[in-house]
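In what follows, a single structure is set out as structure tokens and then discussed.
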Amino acid sequence: MQKVAQRLPFYVGLGLITAATLMLQIVETRIISVTSWYHLAFFVISIAMFGLTAGAVWVYLRSEAYRPAQLSYHLSVASLGFAVATVFAVLVQLTIVTSLPASVMSFVVWAEFAVALSLPFFFSGIVVSLALTRSPYPIGIVYGVDLLGAALGCLGALALLNLISGPSAVLWIAVLGAAAGLFFAGAGFEGMPPGQPVAAKLFRHRWVVLGCLAALAAANSATESIRPTIVKDGIEHPETIAYEKWNSFSRITVGQSEKSSPMLWGPSSRFAPEPIEQRSMNIDGGAGTAVYRFSRDLEELAFLRYDVTNLAYALPGLQTGAVIGVGGGRDLLAARLFGLPEVVGVEINPIFIDLLKGRFSNYTAISRQPGITFEVDEARSWFARTDRAFDIIQMSLIDTWAATGAGAFTLSENGLYTVEAWRIFLERLTPGGVFTVSRWYAPGEVNETGRMVSLAVAALQALGVTDPKRHLFMASSGHVASLVMSRSPLSDQGLHAARKAAETYAFSVLLDPQAPAASPLLESIASAPDHEALERATRASYLDLSAPTDARPFFFNQLRLDRLLDQNILAMASRPGVYGGNLSATLTLAMLILISAVLVAATIIVPLRSTVLAASSTLAIAGTAYFALIGIGFMMVEIALLQRISVFLGHPVYALSVVLFSLILSTGLGSLASERAKLGSGPQLVGWSALTSLYLLALPLWLPELLLQLESASLLVRAGLAVLVLAPAGFLMGFGFPTGMRLVAMIDARPTPWFWGINGAAGVLAASIAVLTSIEFGIDTTLRVGAACYLLLPGPALLLVRFRLRGKTMLQ
């Protein structure tokens, strides 16, 4: 009984710190999507791995200072350090501008951000390393508790984000870290080393630290005093915000009511605005919409007729409609204004529906308007599941600015803008129904709309259409173009109505089935009879106008890396439109890769190089190659599956939580299984390598079709499927690290820290490289690169086996 009482605080402390570590990683992706851009969330993954590796390296370099007899003290101090560093990191993050153009100054800012964010993970790395190498408890149980805590943290992050704001969530995570410090302090190991005044004070006052952090977290949860200062590119003023709410999907702010010109996306040049009462609604600090004061008389909203996003409502015979993305409800009201008796709003984020039906129901009477219903669901899944058919489906500017102005990286893939998604939407139309999509483009850069047109053409081709232009009509006003597409050729009556509306409101017609398109490029794209012709047409542009698919879902990124050097980069970057933003994002990605490389070299490679210098060249080369391959391979697979599952589940944070949860558990189980089923011979190593790579290589062959088949399943079922798909991959990859460590330890244990560091360093750098690979070549290519790394493992592994056997022979 006493032994259990001694072990329990240790195990609880370890579980709390690993749960807090994973929670912090996930919550940080939510915060960075507000302060900067969602596509940079991959950098959080990279920096977390860097911090954990650096913490373990620190323990190795100061091994003399970390004595087993003082384990409770060191674990407690490191946990308290995690807690304090977490608060410091979030304060720094909320006050720096990371959206600067790529430059020397932005390099300094991102380096500052990286160092600050890595500090909590550095202390967590110390805790985990000490727990695994200094505790007297069975390594299997210690490792199991480590994994269990981390897995629960993946799920706990979602619960926390749905209760409080992102900054408050980080503060409560700090409280978890401090609580871990208390449990470690009571783990039964005695002794406090001399000569550590700061750490000793932290340890002696651990209850005070916990109390202060808990009070700070509670106070901020009530007042939200610690909040983003810099949001995207500007300073946010709290006094302008009437309401603010965070959840795992986004951060929604609603402004104070004001009387001003109606907020329209693409207003007609003939629109003579008269002031109305409205509130601005902002999603993640970048995607704006409006909530109009509305008392049930639809004619109060007559100004909506002047918005090009509502062009499709000019077509006759529309009775039933659906809107993807409710926002402030303007598209729902437009549908009713144009006479649709029945319209359903499909919205993934429940905050919007709660606001329209609750807090602001007296401000805007949308919820009391007859014929309007709401569905809280991911749109793609809902349309795949429903048996209803609609005369019109509308999707206006849905993207939350995750990537529009700055490229498209990991966790910003949008599953609403792929061929597979648009095919689902088209299949839910009545025979004469239309699907209408509105997107931004830069005036004078009309070919930017080619991405939307090529996507429409590819979706129609997937349904067997050979003359897609007859199905398309597109007009623009200002910065917005609206595409109207139908499964059946647009009727003469429908075309006449669309042309008349365009003439009435002075919209510019960009695409008409019976007239030349606004540019030769748009004409060739819209007229492409088959996939090969569409590819030839899109290749003619310096922009990437190819139709996005679930395997390459980067609708917002139009930069073609293969033609980057063919252009005058400086001149192109200064042009309005998507190219400049995409170029800036790519340069930022390159800069982040450079920052990662510098940090890895300075804190991992250089400090550990002495450990490998004394080893034989064969061991050094083979071991380095082995651990670099599993580091690169694992991260390539993780990033690729994150991207693929993000499209399937419909939201990045869900994907991050599910993928990390699955990989952590299954990889841990694989590592534990490797203790019983040891891979020591050549055939065993080759067999494991072949099985792992074959499973990964097979995923692109059967997984996409399976995901499409289960598109209509509930979120719980889809998440369960993701776990089942990820588990075998994680389990097999879990054999890699412990097997490699056993191989090198049996030859010479001295350079094992170097190999451990190489593994972490390779993973940190591979996170960024995987992003580039997916953007340029597709997610499946990234997955295949990861599989190739595991396929190459027998080379260095067999070299290590032979070297060990030769050494034994020489000894005999």
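In my numbering, the protein residues as written are 302 to 1113. We treat Cβ as the ideally placed atom computed from N, Cα and C, and that holds for glycine.
Residue pairing for R740: DSSP places it in a beta bridge opposite A782. Using a Cβ-Cβ distance cut-off of 8 Å, the stretch 1008 to 1023 and the stretch 680 to 691 are in contact, since at least three pairs of beta carbons, one from each stretch, lie closer than that value. DSSP, read as helix, strand or coil, puts L812 in strand. Under DSSP, Q579 takes part in a beta bridge, and its partners are E559, Y593.
Closest in alpha carbon position to F855, among S828, L756, Q794, is L756. The C-beta of G971 has 16 or more other C-beta atoms within 10 Å across all chains shown, which makes the residue buried.
By the Cβ criterion, the stretch 928 to 948 is in contact with the stretch 845 to 860, since at least three pairs of Cβ atoms, one from each stretch, lie closer than 8 Å.
For the pair L900 and C455, the Cα-to-Cα distance works out to about 26 Å.
Short of 7 Å from the beta carbon of V378, and not among the five residues preceding or following it, lie these beta carbons of its own chain, in chain order: A500, L503, F504. DSSP places V677 in the strand class (E or B) of the three-state scheme. The straight-line gap separating the alpha-carbon atoms of M564 and A591 is approximately 6 Å. The count of Cβ pairs closer than 8 Å, one atom from the stretch 345 to 358 and one from the stretch 442 to 458, stays below three, leaving the stretches out of contact.
At the C-beta level, G467 and V609 stay beyond 8 Å of one another.
Within the DSSP bridge table, the entry for G646 names V624, F675 as partners. Under the three-state reduction of DSSP output, P529 falls in the coil class, being neither helix nor strand. In the DSSP assignment, E1077 falls outside any beta strand (DSSP E) and lies within the alpha helix (DSSP H) extending over 1053 to 1078. Within the same chain, and ignoring the five residues on either side of M696 in sequence, the residues whose Cβ sits closer than 6 Å to its Cβ are I625, V738. With 16 or more other CB atoms across the displayed protein chains lying within 10 angstroms of its CB, N548 is buried. Within its own chain, the residues whose Cβ lies closer than 6 Å to the Cβ of G795, once the five positions on either side in sequence are excluded, are L616, listed in chain order. Taking the Cβ atoms as the reference, F424 lies roughly 12 Å from F485, outside the contact range of under 8 Å. Rounded to whole angstroms, G1031 and L966 show a C-alpha spacing of 8 Å.
Under the DSSP definition of a beta bridge, R853 partners with T850. Close CB contacts of G969 within its chain, under the 6 Å cut and outside five residues either way in sequence, are with L448 (chain order). Distance from the CA of L656 to the CA of S662, rounded to the nearest whole angstrom, comes to 7 Å. The shortest CA-to-CA distance from S334 to any of Y438, E365, N583, I931 is the one to N583. Contact annotation: the stretch 643 to 655 touches the stretch 672 to 679, with at least three C-beta pairs closer than 8 Å. Taking C-beta separations shorter than 8 Å and ignoring five residues to either side along the sequence, the partners of D845 in its chain run R752, T839, N858, Q859, L860, R861, following chain order. Secondary structure at D608: strand, using DSSP grouped into helix, strand and coil. I332 is the residue among A827, I332, R864 whose C-alpha sits nearest the C-alpha of F550.
Between S963 and L459, the beta carbon gap of about 14 Å keeps them out of contact (Cβ cut-off 8 Å).
For F726, the enclosing alpha helix (DSSP H) covers residues 720 to 728. Rounded to whole angstroms, L1002 and L1027 show a C-alpha spacing of 15 Å. Between the alpha carbons of I922 and W1055 lies a gap of roughly 12 Å. Shown here, D632 sits in a helix according to DSSP, grouped into three states. Taking C-beta separations shorter than 6 Å and ignoring five residues to either side along the sequence, the partners of C1090 in its chain run L930, I933, G934, following chain order.
Taking C-alpha positions only, S364 is separated from R1019 by approximately 46 Å.
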